[in-house]
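Engineer: Let me give you the structure first, and then I'll get to my questions.
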Amino acid sequence: MSRPINLTEQNVAINGYDPVSYFAAHPVPGSSDITSTQDGATYYFATTENKTKFEANPEAYSPQYGGFCAVAVSEGKLVPVDPETYLVTDDKLYLFYNGEHGNTKPQWEADAATMKSNADAAWAKGDLIVPEM
Numbered sequence: 003m004s005r006p007i008n009l010t011e012q013n014v015a016i017n018g019y020d021p022v023s024y025f026a027a028h029p030v031p032g033s034s035d036i037t038s039t040q041d042g043a044t045y046y047f048a049t050t051e052n053k054t055k056f057e058a059n060p061e062a063y064s065p066q067y068g069g070f071c072a073v074a075v076s077e078g079k080l081v082p083v084d085p086e087t088y089l090v091t092d093d094k095l096y097l098f099y100n101g102e103h104g105n106t107k108p109q110w111e112a113d114a115a116t117m118k119s120n121a122d123a124a125w126a127k128g129d130l131i132v133p134e135m
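Read in order, the letters of the sequence shown correspond to residues 3 to 135 in the numbering used here.
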């Protein structure tokens, strides 16, 4: 079963941010001139080196839960994210909502083990909803 991916209207993942950059120092926007497509999602990269790293192992660099908010997924929901509100834990990228309804990253950090367990279970089950925002 394929899982949803958080994409822009142009099928771009992570709002155009370079997924490899999260593992280096801090996230940076990628370039529409340096792209790779995986599972119907287009990823942008800041450098050709980052593109090469991603293509060698996309699972290592792709955000968890299709790039949706990790806290929302733990609650059975698919919610967009702020690409600059994130955590890299155990070599995995987690993204979070940060907008007019608040920042969900502190909620995750307060009990990451439970949140991750709930999110993993909800993601595996697959019947996630898109809430009205």
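Glycine included, C-beta positions come from ideal geometry on N, C-alpha and C.
Anyone know if the C-beta pair for K118 and S76 falls short of 9 Å?
Structural biologist: Against the sequence shown, residue 118 aligns to sequence position 116. Against the sequence shown, residue 76 aligns to sequence position 74. Taking 9 Å as the Cβ cut-off, K118 and S76 qualify as a contacting pair.
Engineer: Using DSSP with H/G/I as helix, E/B as strand and the rest coil, what is N105?
Structural biologist: One-based indexing of the sequence shown puts residue 105 at position 103. Strand.
Engineer: Could you pull out every residue in the same chain whose Cβ sits closer than 6 Å to the Cβ of Q109, ignoring the five residues on either side in sequence?
Structural biologist: Translated into the one-based positions of the sequence shown, residue 109 becomes position 107. Here the set comprises V73.
Engineer: By Cβ distance, which residues of its chain are closer than 6 Å to Q2, with the 5 residues on each side in sequence left out?
Structural biologist: As shown, the chain starts at 3 and ends at 135. That puts residue 2 outside it, with no answer to give.
Engineer: Counting C-beta neighbours from all protein chains within 10 Å, is the total for N13 16 or more, i.e. buried, or is it exposed?
Structural biologist: Along the sequence shown, read from residue 1 onward, the residue named residue 13 stands at position 11. Exposed is the call here.
Engineer: Per DSSP, what kind of secondary structure is Q12 in: helix, strand or coil?
Structural biologist: Counting from one through the sequence shown, the residue named residue 12 turns up at place 10. If DSSP states are grouped into helix, strand and coil, Q12 belongs with coil.
Engineer: Which class does T44 belong to by DSSP, given the choice of helix, strand or coil?
Structural biologist: Start at 1 with the first residue of the sequence shown, and residue 44 comes out as number 42. T44 falls in the strand class under three-state DSSP.
Engineer: Given this structure, state the Cα-to-Cα distance separating E111 from A27, to the nearest angstrom.
Structural biologist: Taking the first residue of the sequence shown as 1, we reach residue 111 at position 109. Taking the first residue of the sequence shown as 1, we reach residue 27 at position 25. In a straight line, the C-alpha of E111 is about 20 Å away from that of A27.
Engineer: Here's a check: name, in chain order, each residue in its chain whose Cβ is nearer than 6 Å to the Cβ of Y96, leaving out the five neighbours to either side.
Structural biologist: Taking the sequence shown and counting its residues from 1, one reaches residue 96 at position 94. Once the five neighbours on either side are set aside, the close Cβ partners of Y96 are Q66, A72, L89.
Engineer: Could you say which of F98, F25, S33 lies nearest to F70 if we only look at CA atoms?
Structural biologist: Here residue 70 is taken as the residue at index 68 of the sequence shown, counted from 1. Of the listed residues, the one whose Cα sits closest to F70 is F98.
Engineer: Buried or exposed: V132, going by 16 or more other Cβ atoms within 10 Å of its Cβ?
Structural biologist: In the sequence shown, counting from the first residue as 1, residue 132 sits at position 130. When all chains shown are included, V132 counts as exposed.
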